[in-house]
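Counting in the numbering used here, the sequence shown tops out at residue 182, every number present. Each residue gets a CB set at the ideal place from its N, CA and C atoms; glycine is no exception. The model shown is predicted, which means the values in this text are computed figures rather than measured ones. Worksheet for the structure shown next.
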Amino acid sequence: MRAGWAFTRLQLLALALFVASTIFALAQAQFPFDSEMVLDVPPLPGSKRVPILEILADGRAMIDLWCRSGEGLAKVTGDAIKFTLGPLHEEFCTPERQQRDEDLAAALAQVTQWRREDDVVVLIGPTQLRYRLSTH
47 MRAGWAFTRL
57 QLLALALFVA
67 STIFALAQAQ
77 FPFDSEMVLD
87 VPPLPGSKRV
97 PILEILADGR
107 AMIDLWCRSG
117 EGLAKVTGDA
127 IKFTLGPLHE
137 EFCTPERQQR
147 DEDLAAALAQ
157 VTQWRREDDV
167 VVLIGPTQLR
177 YRLSTH
């Protein structure tokens with residue numbers, strides 16, 4: 047009878063560890079809604095601006111590129127993500143930065159998946175984009 051009880055306690059311990067690890071894995075994999083994310087690149091010479099992205103839980107997205115900014119939509123389902131960029135307000139910028147904006151907007155539009163690596167959200171498409179969670 048005692049051997050049966052010990053086995054049951056061992057099963058309960060194993061189940062508890064499994065549940066705890068599953069909850070931890072799910073918590074790690076959740077998308078960081080309502081968090082400011084900064085593109086993991088240095089600013090361009092002569093500027094402090096770096097592209098920023100914030101996705102709200104309702105799917106609205108605040109998008110700041112190198113020169114332009116505006117709102118869009120982001121649909122996050124599991125590890126899938128789809129961006130729809132809205133009209134972006136243009137500020138004066140150099141042709142080089144305009145081209146960077148076009149490239150980044152195109153890359154965001156082609157993103158299909160995401161994953162989290164600690165404080166970095168990797169947006170996956172033909173071009174991988176790494177956004178670091180802002181600490182301020």
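Beta-bridge annotation (DSSP): Leu111 is not paired with any residue. For the pair of segments examined, the region 104–111 was found to touch the region 145–153: the number of CB pairs separated by less than 8 Å reaches three. Taking a C-beta distance under 8 Å as the contact criterion, Arg176 and Asp80 do not qualify as a contact pair. A direct Cα-Cα distance of roughly 22 Å separates Pro88 from Trp160.
Considering only Gln174, Thr173 and Leu169, the residue with the shortest C-alpha distance to Pro78 is Leu169. Under the 8 Å Cβ criterion, the region 117–128 does not count as touching the region 138–148, having fewer than three qualifying pairs.
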